[in-house]
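K.L.:
The following block contains the structure, expressed as structure tokens.
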Amino acid sequence: MDDDWRDGCVSESDSNSELFALADSLIDTAIPSEQIEVYISRGSSTEVRVHNGDVEHFVSAMSSGIGVRVINNGRTGFAHAGTLDAEIASQVLAEARENVSFSSVDEWAALAEPDGVGVTEQELWSDELESYPTAEKIELAKKLEQMTLDRDSRIRVDDTNFVDGGGEGLVVTTTGIRRYGRSNSCYLSVSTLADDTDGTRTGFGFAVGAHPGEFDVERAARDGVDRATRLLGASKPASRSTTVVLDPFVASQLLGIIGSTLSGDAVVRGRSLFADRVGESIAAPTFTLVDDPTDRRAYTATDLDGEGLAARRNVLIDSGELRGFVHSSYSARRAGEGTTGNALRGGYAGSPSAGCHALQLVPGDQAQADLIASIDDGVLIEGVSGLHSGVNTVSGDFSVGATGMSIRNGAIAEPVREFTIASTIQRLLNDIVEVGADLEWLPMRASAPSLVIRDVMVSGSS
Numbered sequence: 091m092d093d094d095w096r097d098g099c100v101s102e103s104d105s106n107s108e109l110f111a112l113a114d115s116l117i118d119t120a121i122p123s124e125q126i127e128v129y130i131s132r133g134s135s136t137e138v139r140v141h142n143g144d145v146e147h148f149v150s151a152m153s154s155g156i157g158v159r160v161i162n163n164g165r166t167g168f169a170h171a172g173t174l175d176a177e178i179a180s181q182v183l184a185e186a187r188e189n190v191s192f193s194s195v196d197e198w199a200a201l202a203e204p205d206g207v208g209v210t211e212q213e214l215w216s217d218e219l220e221s222y223p224t225a226e227k228i229e230l231a232k233k234l235e236q237m238t239l240d241r242d243s244r245i246r247v248d249d250t251n252f253v254d255g256g257g258e259g260l261v262v263t264t265t266g267i268r269r270y271g272r273s274n275s276c277y278l279s280v281s282t283l284a285d286d287t288d289g290t291r292t293g294f295g296f297a298v299g300a301h302p303g304e305f306d307v308e309r310a311a312r313d314g315v316d317r318a319t320r321l322l323g324a325s326k327p328a329s330r331s332t333t334v335v336l337d338p339f340v341a342s343q344l345l346g347i348i349g350s351t352l353s354g355d356a357v358v359r360g361r362s363l364f365a366d367r368v369g370e371s372i373a374a375p376t377f378t379l380v381d382d383p384t385d386r387r388a389y390t391a392t393d394l395d396g397e398g399l400a401a402r403r404n405v406l407i408d409s410g411e412l413r414g415f416v417h418s419s420y421s422a423r424r425a426g427e428g429t430t431g432n433a434l435r436g437g438y439a440g441s442p443s444a445g446c447h448a449l450q451l452v453p454g455d456q457a458q459a460d461l462i463a464s465i466d467d468g469v470l471i472e473g474v475s476g477l478h479s480g481v482n483t484v485s486g487d488f489s490v491g492a493t494g495m496s497i498r499n500g501a502i503a504e505p506v507r508e509f510t511i512a513s514t515i516q517r518l519l520n521d522i523v524e525v526g527a528d529l530e531w532l533p534m535r536a537s538a539p540s541l542v543i544r545d546v547m548v549s550g551s552s
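In the working numbering, the protein residues as written are 91 to 552.
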């Protein structure tokens, strides 16, 4: 599961001593001119997909591996292997050293160093999930499928999925970092279909929790049915500039895009539209955005970043004012700032880069229904397509396909589809009118409540 082993900082013990011993055997060979980082992970995952009551896809996998970075006189070498065999680990170190000679000199190249920030302890490992029987995972997926079908005769279920994963790992460096962690997580989802004369409408529902006992399976089924059936009979809305309400799922997707513009790597490479704007107002006063991996409710909560530093709560936008960016040790060094504990890496085969752990938009105090009640004319956006390709994170230009519900006289009206919403990220942030109270915790790196945004161009029928 990528770098999810980091999500529970644990001290050295008999259970992980062999991992530390392997790392130490490589670290101890360092010569005075080089820095060495050893990253080790091992874990397991399960994927179950059910269709028509049958298991259509099942994978139960275990993985382990080691990645080694060597930095010598500004040159970086990296190598990895999908095994924890000691002899092969030595070969990985030798390959990383050899790769140093093929890299260019980078004056900012260096490993992270301990920064004195303490780890926020969290309970991110569930013994209940670890021991949960495979047969019951399959039954959960089957149960969700049947509950969804039973709710509405118009519904077809494309598939239901149970996914879990967990593992452990460590980072040991010649600069004094020595950290170990473990975590596991799971979710359950359903994809739904509903047909009308103009085509097929789609929906989804999901349940997340530290273990399956926390799943709200009934809500997942209800959401899957409602999202598909409420779009039946949808037509194109009239083209106009109007107020839109982004539901929590769509708002969370937008947050993910905004978060990518606040990455230190994007800033130092000149790829962020918010570079050089720290201290300026870039959003409405109602908008406060934090990256808070120390909040256990976040699906991607973590104790440590990908370089072994303590993860921490960072305020990125405070009441509309840009407070700063998220940094790995490299991007921080290049920007002349301190790291924010935001190195991400895609497991033992990847090198760290700056990114957000667990974005969270601080919620307001109104339910979505109350937000809608204040709108005479608008659109509730419940789904978007082409979000990543439709947003230019350098210029901020924004144009994506959407589906949802018309809002008329403060109430939900007819369903709408096949339209686009267009603006810029800068304008969207400044045109936010209200932030809802309905914060949704989703199986992704961002969570948000509903957002009300004025003067958004909706392009549908002429």
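All C-beta atoms, glycine included, are put in the ideal place defined by N, C-alpha and C.
Does DSSP put C99 in a helix, in a strand, or in coil?
P.N.:
The predicted model places C99 with a pLDDT of 49, which falls under 50 and marks its position as unreliable, so this point remains unresolved.
K.L.:
Could you tell me if P122 is buried or exposed, where buried requires 16 or more neighbouring beta carbons within 10 angstroms of its beta carbon?
P.N.:
exposed
K.L.:
Based on Cα-Cα distance, which residue from I348, R268, T264 lies nearest to N106?
P.N.:
R268
K.L.:
Tell me which residues share the same chain as S350 and place their Cβ nearer than 6 angstroms to its Cβ, disregarding the 5 neighbours each side in the sequence.
P.N.:
Excluding sequence neighbours, S350 sits near T483.
K.L.:
On the criterion of 16 or more Cβ atoms from any shown chain inside 10 Å, does H478 qualify as buried, or is it exposed?
P.N.:
exposed
K.L.:
Please classify H147 as buried or exposed, where buried requires at least 16 other C-beta atoms within 10 Å of its C-beta.
P.N.:
exposed
K.L.:
Counting along the chain, where does the alpha helix (DSSP H) carrying M237 start and finish?
P.N.:
224-241
K.L.:
Rounded C-beta distance between T319 and R244? I'm assuming under 8 angstroms.
P.N.:
Yes, T319 and R244 are in contact; Cβ-Cβ is about 6 angstroms, under 8 angstroms.
K.L.:
Which residue or residues does DSSP assign as beta-bridge partners of T510?
P.N.:
G491, S549
K.L.:
Taking C-beta to C-beta, are E127 and V158 nearer than 8 angstroms?
P.N.:
In contact: E127 and V158 (Cβ atoms closer than 8 angstroms).
K.L.:
Specify whether the stretch 334-351 and the stretch 527-542 touch according to this definition: at least 3 beta carbon pairs, one from each stretch, less than 8 angstroms apart.
P.N.:
Three or more Cβ pairs drawn from the stretch 334-351 and the stretch 527-542 lie within less than 8 angstroms of each other, which places the two stretches in contact.
K.L.:
Taking 8 angstroms as the cut-off, does the stretch 447-466 touch the stretch 514-527 (at least 3 CB pairs, one atom from each stretch)?
P.N.:
yes
K.L.:
Could you give the first and the last residue of the continuous alpha helix (DSSP H) run that contains Q181?
P.N.:
176-190
K.L.:
Could you tell me the alpha carbon to alpha carbon distance between G476 and T287, rounded to whole angstroms?
P.N.:
25 angstroms
K.L.:
On the criterion of 16 or more Cβ atoms from any shown chain inside 10 Å, does S551 qualify as buried, or is it exposed?
P.N.:
It counts as exposed.
K.L.:
Where do the ends of the beta strand (DSSP E) carrying E124 lie?
P.N.:
Run containing E124: 124-141, per the beta strand (DSSP E) assignment.
K.L.:
Rounded to the nearest angstrom, how far is the Cβ of S153 from that of G133, given a contact under 8 angstroms?
P.N.:
That pair is a contact at about 6 angstroms.
K.L.:
If you scan the stretch 249-300 from start to end, which runs of the beta strand (DSSP E) of 3 or more residues do you find wholly inside it?
P.N.:
Within the stretch 249-300, the complete beta strand (DSSP E) segments at least 3 residues long are 268-286, 289-299, listed from N- to C-terminus.
K.L.:
Name the DSSP beta bridge partners of H170, please?
P.N.:
Per DSSP, G157.
K.L.:
Quick check on N142: buried or exposed, where buried means 16 or more other Cβ atoms within 10 Å of its Cβ?
P.N.:
exposed
K.L.:
In chain order, what residues of the same chain lie with their CB nearer than 6 angstroms to the CB of V481, ignoring the 5 residues before and after it?
P.N.:
Counting only residues of its own chain and dropping the five nearest sequence neighbours on each side, V481 has a CB closer than 6 angstroms to the CB of I347, F488.
K.L.:
Taking the alpha carbon of L412 as the reference point, which residue from D460, A388, E427, L352 has its own alpha carbon closest?
P.N.:
L352
K.L.:
Helix, strand or coil for Q302? Go by DSSP, reduced to three states.
P.N.:
In the sequence on display, residue 302 carries Pro and not Gln. Helix at P302.
K.L.:
Output yes or no for whether 8 angstroms exceeds the beta carbon distance between M547 and I511.
P.N.:
yes
K.L.:
L322 and R291: beta carbons closer than 8 angstroms?
P.N.:
Cβ atoms of L322 and R291: closer than 8 angstroms.
K.L.:
Pick helix, strand or coil for A503, following the three-state DSSP scheme.
P.N.:
strand
K.L.:
Let me know the alpha helix (DSSP H) ranges lying completely inside the stretch 308-388, each 4 residues or longer, listed in chain order.
P.N.:
338-351, 354-358
K.L.:
Taking just the CA atoms, how far does D545 sit from A374?
P.N.:
The straight-line gap separating the alpha-carbon atoms of A374 and D545 is approximately 14 angstroms.
K.L.:
Is L230 near the ligand SAH, in the sense that its beta carbon is under 7 angstroms from a heavy atom of that ligand?
P.N.:
With respect to small molecules bound, the structure shown includes none, and the ligand SAH cannot be examined in it.
K.L.:
Quick check: the stretch 105-120 against the stretch 244-261, are at least 3 beta-carbon pairs closer than 8 angstroms?
P.N.:
yes
K.L.:
Quick check: the Cα distance between Y129 and N163, rounded to an integer number of angstroms?
P.N.:
21 angstroms
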